[in-house]
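Here the sequence shown stands for residues -10 to 81, numbered as in our numbering. Here's the structure we're looking at; comments come further down.
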Amino acid sequence: MYIKDTSLHTCGHCGLRGLLKSLSGYCERGLETIKSPCGYLVREYLQPWGVAYELSLCTSCGEVTLTKVVWHDDWKPQDYSYFILYPPEGKK
Ligand SMILES: [Zn+2]
């Protein structure tokens, strides 16, 4: 299950880490739908991984950063993949 740990998030504006305050979050778990050959829904399997989106406010510069987190049940929060979606890279 996804463990929210904003101390692992990096501000996309000033680059400081661990100073982000979570404003809003969205978490989604992968779902695989198994269908029978004739198209009927047979089963849905929940995957042990998912994607989360975290909107956070930097307490240092006051700007908002949107981070995408790829998580897995077997990983520790520091092993998750973090991608900054906003601000766009190179635009500071
Ligand atoms: Zn900042």
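Virtual Cβ for every residue (Gly too), placed ideally from N, Cα, C.
Residue i classed as buried or exposed, judged by whether at least 16 other C-beta atoms fall within 10 angstroms
i, result
"Y(-9)", "buried"
"V31", "exposed"
"C21", "Per the sequence shown, the amino acid found at residue 21 is Glu instead of Cys. Its Cβ having fewer than 16 others within 10 Å, E21 is exposed."
"T56", "buried"
heavy atom of ligand 1 below 7 angstroms from residue i C-beta
i, result
"E78", "no"
Sheet register partners of residue i (DSSP bridge)
i, result
"G39", "R18 and W60"
beta-carbon residue i near ligand 2 non-hydrogen atom, thresh 7 angstroms
i, result
"W38", "Ligand 2 is not part of this structure, which contains only ligand 1."
| request: Please write down, chain order preserved, every residue whose beta carbon lies under 5 angstroms from a heavy atom of ligand 1. | output: C0, H2, C3, C47, S49 and C50
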